[in-house]
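A.B. asks: In our numbering, the protein residues as written are 14 to 297.
Even for Gly, the Cβ is constructed at its ideal location relative to N, Cα and C.
It should be emphasised that the depicted structure is a prediction, and the values quoted were computed from it without experimental measurement.
Just dropping this structure here.
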């Protein structure tokens, strides 16, 4: 890079990728130069500015991957919805059972799209600096943490759910819909990243000044680096597995919801050994 600058007699901007001795990934440096001329207009010196833009390029890369993922996530259910609706419109000879099956698929895909659009709207609000809108009321721990799991028990038959909610009458002043969104997202991730038959363990118990919930799976687990990035916008922990869907927004929204309730959330995980996500909410 220095040689390139020396050989350049005009203003210059270049980027180089450099692997340092103590870094696992290369850093990206941006060099800018501006030639200083004398009264005769001849080069007399040069201003040299070097800036580390590694994080900026990483954000750009992640956003680009997110756009590609979001297009795929939107296109896949839309294709299914259009296909099954066309079948119903063009052929009136399907049995009642077949029609119900097609309509069920269309409904499931519609719900998925609604959730994805909701995530995009939530992220837009977070990005703009606006606080999440909460509608708090008193709810029991059972209503908040056990009831939303019924959906997953019904639709995720391959994954047994072991649920223990201690002191179920404990009262928390929260936005129930938002907390259900947290539970749905965390349970969905546990199912996605667990092998068929993998057990999902959910426990809840009172702690000092609050209530703690832990959702654990025995899935693929996470590296230390993935754990450190897991709540970042657009980040998807296992990007190599394209069969696992997701926008990369869910856990960012989950953390924002917990933060808005003055709670806290953290992750324990080991690669190949599964993941446990803990969160605490203050009691009324």
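At which residues does the beta strand (DSSP E) containing residue 293 begin and terminate?
C.D. replies: Counted from its first residue, the chain shown places residue 293 at position 280. 288-295 is the extent of the beta strand (DSSP E) around residue 293.
A.B. asks: Closest to residue 157 by C-alpha separation, out of 269, 243, 216 and 51, would be which residue?
C.D. replies: Locating residue 157 in the chain shown gives position 144, where the first residue counts as 1. Comparing Cα-Cα distances from residue 157 to each of 269, 243, 216 and 51, the minimum goes to 216.
A.B. asks: Which whole-angstrom value describes the C-beta separation of residue 240 and residue 280, a residue pair presumed to lie in contact below a C-beta threshold of 8 Å?
C.D. replies: Start at 1 with the first residue of the chain shown, and residue 240 comes out as number 227. Start at 1 with the first residue of the chain shown, and residue 280 comes out as number 267. 5 Å between Cβ atoms; contact.
A.B. asks: Of all the options 171, 63, 225 and 81, which has the alpha carbon lying nearest to the alpha carbon of residue 177?
C.D. replies: For this step, residue 177 is matched to residue 164 along the chain shown. Measuring from the Cα of residue 177, the nearest candidate turns out to be 225.
A.B. asks: Mind the definition here: the segment 219-233 touches the segment 274-293 only if three or more C-beta pairs lie below 8 Å; say whether that holds.
C.D. replies: Yes: at least three Cβ pairs fall under 8 Å.
A.B. asks: What are the partner residues of residue 184, as DSSP defines its beta bridges?
C.D. replies: Taking the first residue of the chain shown as position 1, residue 184 is located at position 171. DSSP, once it has assigned bridges, lists 153 as partnering residue 184.
A.B. asks: Closest to residue 282 by C-alpha separation, out of 206, 144 and 270, would be which residue?
C.D. replies: Here residue 282 corresponds to residue number 269 of the chain shown, with the count starting at 1. The residue with the shortest Cα to Cα distance from residue 282 is 206.
A.B. asks: Is residue 234 helix, strand or coil by DSSP?
C.D. replies: Here residue 234 refers to the residue found at position 221 of the chain shown. Here residue 234 sits in coil by DSSP.
A.B. asks: Quick check on the burial criterion: 16 or more other C-beta atoms within 10 angstroms. Buried or exposed for residue 220?
C.D. replies: Residue numbering aside, residue 220 sits at position 207 when the chain shown is read from its first letter. By the 10 Å Cβ count, residue 220 comes out exposed.
A.B. asks: Comparing alpha-carbon positions, which option in 57, 126, 196 and 67 lies nearest residue 91?
C.D. replies: Taking the chain shown and counting its residues from 1, one reaches residue 91 at position 78. It is 126 whose Cα lies nearest to the Cα of residue 91.
A.B. asks: What are the boundary residues of the alpha helix (DSSP H) that residue 125 is part of?
C.D. replies: Position 112 of the chain shown holds residue 125. Its alpha helix (DSSP H) spans residues 109-140.
A.B. asks: Tell me whether residue 175 is buried or exposed, calling it buried when 16 or more other Cβ atoms sit within 10 Å of its Cβ.
C.D. replies: Translated into the one-based positions of the chain shown, residue 175 becomes position 162. Counting Cβ neighbours within 10 Å, residue 175 comes out exposed, since fewer than 16 surround it.
A.B. asks: In the structure shown, what three-state DSSP assignment does residue 283 receive?
C.D. replies: Translated into the one-based positions of the chain shown, residue 283 becomes position 270. Three-state result, residue 283: coil.
A.B. asks: What are the complete beta strand (DSSP E) segments, minimum 3 residues, inside the segment 203-234?
C.D. replies: Segments of the beta strand (DSSP E) lying fully in the segment 203-234: 213-220 and 223-230.
A.B. asks: Could you check which residue in 43, 124 and 293 has the C-alpha nearest to that of residue 70?
C.D. replies: Looking up residue 70 in the chain shown gives position 57. Out of 43, 124 and 293, 43 has the C-alpha closest to the C-alpha of residue 70.
A.B. asks: Out of 52, 38, 39 and 56, point me to the one whose CA is closest to residue 46's CA.
C.D. replies: As a first step, residue 46 must be located in the chain shown, where it is residue number 33. Ranking the options by Cα distance to residue 46, first place goes to 56.
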